[in-house]
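*Asks:* In this text, residue positions in the sequence shown follow this note's numbering: the first is 30, and each later residue adds one.
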Amino acid sequence: MPSLAEGQSRFIACLQQGPAHFPDDLFAEDRARALLGLKAHANTISHARLVALEDCYPRLHEHIGHEDFHRLSRAYVEQRAVMASDLNHIGAGFPAFLQERGYGGENIDLARIEWAWLESYRSAEALPLALTDIATLGEADLLAFPVAPHPAMRLIGLTAPLSPALAELAGMESDALMIARPEAQILLHPLSATERAIAEKIPGCTNMGNLLAHALELEEEATAMQPIIKLIQAGALTPVEGN
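This is the structure:
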């Protein structure tokens, strides 16, 4: 008799790869009845995958239309790597899949934004750095103030104009979009090329001095703090504990 793990593996293979992988010795009932039950179970799993993917990309679904989205979804979830994915991560490869299928940058960017939104939503809680945390610091203390990227911050470089599906950003031009969740609400922030370049440096910065040094490479001294202030107000940073 196969072990429980072996039985589970063979059962899953049958669900994913069809009747050719039917485990004859795994069920008490005859083959026809077992296959009927497996088919119903497989249909339930397939439906769950499709619903999970739709939940990942509601704006893209509405933007390209139900028929196109449903057709893409079916082709996507039938890939072996996607079949092996849990429902929480099932949509991770969908933007790349759109690119493989020849979809334009606007739709791919929208998918990347929606997945980043979901990652931000699921990320750990953390206290955002506030301007009041550093407003009264002297120069030396300000430069030494330790910071880290807020765990909910996501940065998406754009390859096309923002999709009309992002109605709240209509008419805005940006080089990148930052997603942040400083409090309960998740917010979208269009960034200029300079703001994007500074935001990209945040993961490698250990303190405010590091971040300001990068800003000074891109801005005049008199204006170097402006993009940093915008990133702080957006919730891109968190103070490092122990200070």
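Positions of the beta carbon are idealized from the N, C-alpha and C atoms, including for glycine. Here the structure is a predicted model, which means the values were calculated and not measured.
Within the present structure, is the beta-carbon of A265 separated from the nearest heavy atom of the ligand GTP by less than 6 Å?
*Replies:* This structure does not include the ligand GTP; it has no bound ligands of any sort.
*Asks:* Got a sec? Which residues, its chain only, sit under 7 Å from L198 by beta carbon, not counting five neighbours each side?
*Replies:* Once the five neighbours on either side are set aside, the close Cβ partners of L198 are L191, L217 and P219.
*Asks:* So which of A226, L241, Q255 and I215 has the shortest CA-CA distance to T152?
*Replies:* According to the sequence displayed, residue 152 carries Ser and not Thr. The shortest C-alpha separation from S152 is found at I215.
*Asks:* I need the straight-line Cα distance from L156 to E143, nearest angstrom please.
*Replies:* Going from the Cα of L156 to the Cα of E143 covers about 23 Å.
*Asks:* Would you mind working out which of I258, A265 and C85 sits nearest I163, comparing C-alpha positions?
*Replies:* I258
*Asks:* Can you say whether D138 is buried or exposed, counting buried as having 16 or more other CB atoms within 10 angstroms of its CB?
*Replies:* buried
*Asks:* If I measure Cβ to Cβ from H70 and keep anything under 6 Å in the same chain, skipping five residues before and after, which residues do I get?
*Replies:* Here H70 scores only 47 on pLDDT, less than 50, and its place in the model is too uncertain to base an answer on.
*Asks:* When the distance is taken between beta carbons, is A189 closer than 7 Å to E246?
*Replies:* no
*Asks:* In this structure, what does DSSP give as the bridge partners for R183?
*Replies:* I208
*Asks:* Whole angstroms is fine: what's the gap from R130's alpha carbon to N236's?
*Replies:* For R130 and N236, the distance between alpha carbons rounds to 43 Å.
*Asks:* Consult DSSP for A235 and reduce its assignment to one of helix, strand or coil.
*Replies:* What sits at residue 235 in the sequence shown is Thr, not Ala. Three-state DSSP puts T235 in coil, outside helix and strand.
*Asks:* Is DSSP giving P178 helix, strand or coil here?
*Replies:* strand
*Asks:* State the DSSP-derived secondary structure class of T188, mapped to helix, strand or coil.
*Replies:* DSSP places T188 in coil when its eight states are reduced to three.
*Asks:* Would R210 and S149 qualify as a contact pair, given that the criterion is a beta-carbon distance under 7 Å?
*Replies:* yes
*Asks:* Which same chain residues end up closer than 8 Å to P178 when comparing Cβ atoms and leaving out the 5 residues on each side of it in sequence?
*Replies:* Cβ contact annotation for P178 (same chain, cutoff 8 Å, sequence separation greater than five): I231, P232, A265, L266 and T267, in chain order.
*Asks:* Using CA atoms only, rank isn't needed, just tell me which of L158, L187 and L240 is closest to V269.
*Replies:* L158
*Asks:* With DSSP run on the structure shown, which of helix, strand or coil describes L240?
*Replies:* helix
*Asks:* Helix, strand or coil for T267, going by three-state DSSP, please let me know.
*Replies:* strand
*Asks:* In angstroms with no decimal places, state the Cα-to-Cα distance between T252 and L184.
*Replies:* Distance between the alpha carbons of T252 and L184: 23 Å.
*Asks:* From the DSSP output, in three-state form, read off L158 for me.
*Replies:* Coil.
*Asks:* What does the Cβ neighbour count give for V80, buried or exposed, with the cut at 16 atoms within 10 Å?
*Replies:* exposed
*Asks:* DSSP state of P219, grouped into three classes?
*Replies:* strand
*Asks:* Classify E135 as helix, strand or coil using the three-state DSSP reduction.
*Replies:* Correct three-state label for E135: helix.
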